[in-house]
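S.K.:
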Amino acid sequence: MPATSLDQIVSLCKRRGFVFPGSDIYGGLANTWDYGPLGAELKRRVKNHWWRTFVHRRPDMVGLDAAILMNPKTWEASGHVGSFTDPLVDCKKCKERFRGDKLLEEKLGTAAAAVLKLDQIQPMLMAEKIPCPKCGSVEWTAAKKFNLMFKTQQGVVEGEGEDIFLRPETAQGIFVNFKNILDTMRLRLPFGVAQIGKAFRNEITPGNFTFRTREFEQMEIEYFVEPGKEAASFEEWKDTVWNWFLSLGISKERLRIREHGKDELSFYSSRTIDIEYLFPWGWGELFGLANRADYDLSQHEKFSGQDLKYTDPDDATKKFLPFVVEPSFGCDRSVLTFLIEAYTEETLPNGEARTVMKFAPELAPVDIAILPLSKKEHLVAKAKELYNRIVQETDLVCDFDVTGSIGKRYRRQDEIGTPRAVTVDFGTLGEDEKQGGKDTVTIRDRDTLKQERLSIDALVASLKQ
Ligand code: ATP
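Everything in the sequence shown is counted per my numbering, starting at 18 for the first residue and increasing by one.
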């Protein structure tokens, strides 16, 4: 049973070093979060697994790492300057500001709220008697468009610099490099370009921990196909991504696909879906898949004056702009989903209660823990020897913990989701046969709690596989 309240996750994350409030010692900065030592490992694993799956294991994919700061023309071409907006409403009483469509989502459903026209939002909030989440008043201003892009200045002289934006999505970095990639990588359609990186949106109502923040990380793919082949590619990506989440332990029952309705689609898109996850507060978007046709490339052709067409390598007279299918993952939302899904409270057969993070082994921030049974110097030295062998001879992340009773240390490893804990005892030293033979150790499995006695050599050999 995954976490049922966000508080369970927020508190475990703080207690165990996954996620801390941002700028904590200064009282924080609203809705910013810092990944602690274990959160940083978890997030890195999610990104590595994603990159391995979607770039290294596929001959049709390459990677990119574009700059966050881009020529401002990019955002004119992409449409972000003109229309990357959310409907902002103010509570007339307490002056707090909210996203009008989100306030109406619970009453109307996500799809219906998403297609409301700007001038329909205030009357609808009044008609549905939606109260201000802060003060409870039902007096709303008319909704106005609020552009979500963060503006900043480039240049050292204040006032003379050029206004530029922090990118609100990573995707445009791929489109503006399309020609460079074509010219250098000898690719044939269909092929995709993947990128992981930070994006920034001045969200009106951030919240729900790391679910909606103003600075976040995306893992995006632009998949280029010959026009006419986009529908089949869309289906393939839908299944591939769905299965990726399942393979990493997300349960089918807590995932669903939400198909965007006709009036919700951008004018250039023939199809968009979201994969939603059942978060403790309800269903929310985890991933988006959009058919973007040749909209972005044709806009960038127009605004840059450059020819971005693809030439068929077998027929130089066939020149065209490829169509694009865009699988777009939120990295932080994926990490949050893996945290929620892994969270388990259970009662053991001996009546003891424990909290255990049942991460898929590929994602667990620590692979294996070495726990000397006591603080006796020669025992710790033997355990350190094993630790050193593991970190030198394998690629695993290994934790070494001597502090506290063995029970306490097991509980900590459970709470950080370490799949295996190894106890080094007096048997290992050849000093107590009852504990086990010389140079053998006990390996405890996080989920089954089964304990197995293995020789150190056999253990290290199994870890190398
Ligand atoms: P939402 O409807 O929740 O605002 P969106 O449809 O605007 O999301 P996209 O533009 O499709 O989101 O971005 C792709 C992915 O990036 C989303 O599926 C989500 O996982 C992630 N994402 C978007 N905005 C944020 C945010 N403010 N904080 C964290 N992750 C985000």
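We treat Cβ as the ideally placed atom computed from N, Cα and C, and that holds for glycine.
Values in this document were obtained by computation on a predicted structure and should not be read as measured data.
Between which two residues does the beta strand (DSSP E) containing valine 441 stretch?
M.R.: First-last of the beta strand (DSSP E) with valine 441: 437-441.
S.K.: Alpha carbon to alpha carbon, what distance is there between leucine 133 and phenylalanine 163?
M.R.: Phenylalanine 163 and leucine 133: Cα-Cα distance of roughly 15 Å.
S.K.: At which residues does the alpha helix (DSSP H) containing glutamine 139 begin and terminate?
M.R.: 135-144 is the extent of the alpha helix (DSSP H) around glutamine 139.
S.K.: Apart from the five residues just before and just after proline 185, which ones in its own chain have a Cβ nearer than 7 Å to its Cβ?
M.R.: His97, Phe101, Leu165, Met166, Ala216, Phe217, Arg218, listed in sequence order.
S.K.: Do aspartate 349 and the ligand ATP come close, with the Cβ less than 6 Å from some heavy atom?
M.R.: Yes, the Cβ of aspartate 349 comes within 6 Å of a heavy atom of the ligand ATP.
S.K.: DSSP has alanine 307 in a bridge; who is on the other side?
M.R.: Beta-bridge pairing links alanine 307 to Thr289, Glu343.
S.K.: If you measure from the CB of phenylalanine 304, is any heavy atom of the ligand ATP nearer than 6 Å?
M.R.: Correct: phenylalanine 304 has its Cβ closer than 6 Å to the ligand ATP.
S.K.: Spatial neighbours of serine 472 within its chain, please: CB distance less than 7 Å, with the 5 preceding and 5 following residues excluded, ordered by chain position.
M.R.: Within the same chain, serine 472 has close Cβ partners Asp456, Thr457.
S.K.: What whole-angstrom Cβ distance do isoleucine 221 and phenylalanine 115 have, given they're in contact under 8 Å?
M.R.: Right, their Cβ atoms sit about 6 Å apart.
S.K.: For valine 383, which residues in the same chain have their Cβ closer than 8 Å to its Cβ, ignoring the five residues on either side in sequence?
M.R.: Only Leu55, Glu58, Val414, Cys415, Asp416, Gln430, Ile433, Gly434, Thr435 meet the Cβ criterion.
S.K.: Quick one: what's asparagine 164 bridged to in DSSP?
M.R.: Looking at the DSSP assignment, asparagine 164 forms a beta bridge with Thr102.
S.K.: Give me the residue from Lys90, Phe233, Asp77, Ser264 with the minimum Cα distance to arginine 205.
M.R.: Here the closest residue by C-alpha is Asp77.
S.K.: Under a three-way DSSP split, which group does methionine 87 fall into?
M.R.: Three-state result, methionine 87: coil.
S.K.: Which one or two residues does DSSP pair with alanine 359 in a beta bridge?
M.R.: Answer is none; alanine 359 lacks a bridge partner.
S.K.: Within the same chain, show all residues whose beta-carbon is closer than 6 Å to that of isoleucine 213, passing over the 5 residues directly before and after it, in chain order.
M.R.: Within the same chain, isoleucine 213 has close Cβ partners Lys64, Met236.
S.K.: For the beta strand (DSSP E) containing glutamine 212, list its first residue and its last residue.
M.R.: Looking at the DSSP string, the run of the beta strand (DSSP E) that includes glutamine 212 is 208-217.
S.K.: Ends of the alpha helix (DSSP H) at histidine 108?
M.R.: The identity of residue 108 in the sequence shown is cysteine, whereas the question assumes histidine. No alpha helix (DSSP H) contains cysteine 108, which DSSP labels as neither H nor E.
S.K.: Between which two residues does the alpha helix (DSSP H) harbouring proline 38 extend?
M.R.: That residue, proline 38, is in no alpha helix (DSSP H); its beta strand (DSSP E) goes 36-38.
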